[in-house]
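According to our numbering, the sequence shown is numbered sequentially starting from 105.
Written below as structure tokens is the structure these notes are about.
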Amino acid sequence: MVQSAKHNDGSAIPVLLDTDIGSDIDDALCLAYLLRQPRCKLIGVTTVTGEPEKRAMLASAICQAGGRSDVPIYSGTPKPLLIEQRQKHAPQAEVLPRWEHRDDFERCSAVQFLLETIRSHPGEITLLTIGPLTNIGILFALDPEVPKLLKQLVMMCGVYTTRTPGVGPLEWNAIGDPHATAIVFNAPVPKLVAVGLDVTVQCRMSAEECRNRLRGDPMLEVVADMAEVWFRRAGHITFHDPLAAVTIFEPEICTYEQGRVDVELTSPRLLGMTHWRAGAQGSPHSVAITVDSQRFFKHYFNVVSPH
């Protein structure tokens, strides 16, 4: 096992976020964290899956409430490459009439934005993906040199161990567009870190505590409003995507193993399953194995609501 990575040097890290914000609430919590993290230079947000323009509006509402209307936001690809759409709508978009937001998003503009931004900052950008990987799969297929130009790719994607009771072999982002997932894991990225469902499920908070934590702040009030849509179907929030984001700045909150991830593309029942083979240091992929959940929550809320 590879122990937790060395702490970064404290300088601002350029981050691009690719998200399916508007379905599970953890995407909104992730964006809020990036906007408040002083070591994050958020240089763009792109949206993916059904109703990507509405998802971009939700990202805009959070950014505007947080005083960050400067962050570029682009609408991405609505449908997977080859399979049927699993996520046609953005249910949290019902809150949009209550919050100021942009509504002038050009359809399917995300991939071009990602391409131009990464090419203009070679070796600098951390790409954080917290949704199905359609945008990124298209990007890497369109320009196979782009993966090499990233500093690192950090993903909330997949399942890699059997240590967590109740967690099956399939994870939403990986199966949302399995063929795109395979493209991404096969790409020549200098460093790829995957934080899987088997680890993120250990970072869970009740609806009541979340409501208490999200009070008294204009940006968090938008997130809290979106969360009420989520609470109709769940009595808790699992901080899947925020954990992936936190590992960029506090990597020692998790421990990792290096090895190889392959994506199942032959079995219709297991399409998008991530097959993990642990290997020696120097292997192409690194996956999170354990998390200090108490330390995670302390860090997350110290950043998002420090007062």
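From the three backbone atoms N, C-alpha and C, an ideal C-beta is built for every residue, glycine too.
Computed from a predicted structure; not experimentally measured.
Short Cβ contact (8 Å threshold) for T123 with I229
Residue 123 sits at position 19 when you count from the first residue of the sequence shown. Residue 229 sits at position 125 when you count from the first residue of the sequence shown. No. Outside cutoff.
What are the start and end residues of the alpha helix (DSSP H) that includes P156?
Looking up residue 156 in the sequence shown gives position 52. Segment P156 to A169, the alpha helix (DSSP H) holding P156.
Mind pulling the beta strand (DSSP E) runs of 3 or more residues that sit fully within the region 297–372?
308–310, 340–342 and 358–367
Beta-carbon proximity check, A348 vs I287, cutoff 8 Å
Within the sequence shown, the letter at position 244 stands for residue 348. Within the sequence shown, the letter at position 183 stands for residue 287. Their beta carbons are not under 8 Å apart, which means A348 does not touch I287 by this criterion.
Does DSSP put G126 in a helix, a strand or coil?
Your numbering for residue 126 matches position 22 in the sequence shown. Here G126 sits in coil by DSSP.
Assuming I166 and A136 make a contact with CB atoms under 8 Å, what is their CB distance in whole Å?
Translated into the one-based positions of the sequence shown, residue 166 becomes position 62. Translated into the one-based positions of the sequence shown, residue 136 becomes position 32. Confirmed, about 6 Å.
Can you tell me the Cα-Cα spacing of R267 and A392, whole angstroms?
Within the sequence shown, residue 267 is the residue found at index 163, counting from 1. Within the sequence shown, residue 392 is the residue found at index 288, counting from 1. C-alpha separation (whole angstroms): 12 Å.
Touching by the beta-carbon criterion (3+ pairs, under 8 Å), the region 303–323 and the region 338–358:
yes
What number of angstroms, rounded off, separates the C-alpha of A169 from the C-alpha of P184?
Residue numbering aside, residue 169 sits at position 65 when the sequence shown is read from its first letter. Residue numbering aside, residue 184 sits at position 80 when the sequence shown is read from its first letter. Approximately 31 Å, taken between the alpha carbons.
Whether or not the region 354–364 and the region 333–343 are in contact is what I'm after, with contact meaning three or more pairs of Cβ atoms, one per stretch, closer than 8 Å; do they touch?
no
In the DSSP assignment, find the unbroken alpha helix (DSSP H) run with Q216 in it and report its ends.
Residue mapping note: residue 216 aligns to position 112 of the sequence shown, counting from 1. It spans A214 to S224 - the alpha helix (DSSP H) in which Q216 sits, taken as one unbroken run.
Might you give, ordered along the chain, the residues of its own chain that have their beta carbon closer than 7 Å to the beta carbon of K145, omitting 5 neighbours on each side?
Locating residue 145 in the sequence shown gives position 41, where the first residue counts as 1. Excluding residues within five positions, the ones whose Cβ falls inside 7 Å are A116, I117, P118 and V119.
Out of H205, G241 and K252, state which residue places its alpha-carbon closest to the alpha-carbon of R223.
For the purposes of this step, residue 223 is taken as residue 119 along the sequence shown, with counting starting at 1. Closest by alpha carbon: K252.
My output table needs one value for K192: the three-state DSSP class, helix, strand or coil.
Looking up residue 192 in the sequence shown gives position 88. Coil at K192, not helix or strand.
Cα-Cα separation between F401 and E356, rounded to whole angstroms
Here residue 401 is taken as the residue at index 297 of the sequence shown, counted from 1. Here residue 356 is taken as the residue at index 252 of the sequence shown, counted from 1. Their backbone Cα atoms lie some 14 Å apart in a straight line.
Residues that DSSP places opposite P118 in a beta bridge:
Indexing the sequence shown from 1 puts residue 118 at position 14. Partner(s): K145.
How many angstroms separate the CA atom of G180 from the CA atom of P410?
Locating residue 180 in the sequence shown gives position 76, counting from the first residue. Locating residue 410 in the sequence shown gives position 306, counting from the first residue. G180 and P410: Cα-Cα distance of roughly 33 Å.
Inter-residue Cα distance where the pair is I129 and A163:
Translated into positions along the sequence shown, residue 129 becomes position 25. Translated into positions along the sequence shown, residue 163 becomes position 59. Those two C-alpha atoms are separated by around 12 Å.
Rounded to whole angstroms, what's the CA-CA distance from T265 to V258? Just pull it up for me.
In the sequence shown, counting from the first residue as 1, residue 265 sits at position 161. In the sequence shown, counting from the first residue as 1, residue 258 sits at position 154. Cα-Cα distance, rounded: 18 Å.
Counted within 10 angstroms of its Cβ, other Cβ atoms place R381 as buried (16 or more) or exposed
In the sequence shown, residue 381 corresponds to position 277, counting from 1. It counts as exposed.
Determine the closest residue to C261 out of P156, S397 and H389, with distance taken between C-alpha atoms.
Position 157 of the sequence shown, counting from 1, holds the residue named residue 261. Looking at the Cα atoms, H389 is the closest of the given residues.
If E155 and A197 are in contact, beta carbons under 8 Å, what's the gap, nearest whole angstrom?
The count along the sequence shown starts at 1 and reaches residue 155 at position 51. The count along the sequence shown starts at 1 and reaches residue 197 at position 93. Contact holds; Cβ gap of about 7 Å.
Endpoints, alpha helix (DSSP H) assigned at H283
Position 179 of the sequence shown holds residue 283. Unbroken alpha helix (DSSP H) run through H283: P282 to F289.
Can the beta-carbon of I240 be found closer than 8 Å to that of G376?
Counting from 1 along the sequence shown, the entry for residue 240 is found at position 136. Counting from 1 along the sequence shown, the entry for residue 376 is found at position 272. Not a contact, by the Cβ cut-off of 8 Å.
Compute the distance between the beta-carbons of P201 and Q256, then report whether it is under 8 Å.
Against the sequence shown, residue 201 aligns to sequence position 97. Against the sequence shown, residue 256 aligns to sequence position 152. No, these two residues do not count as a Cβ contact at 8 Å.
Run through DSSP, which three-state label would T238 get?
Position 134 of the sequence shown, counted from the first residue, corresponds to residue 238. Here T238 sits in helix by DSSP.
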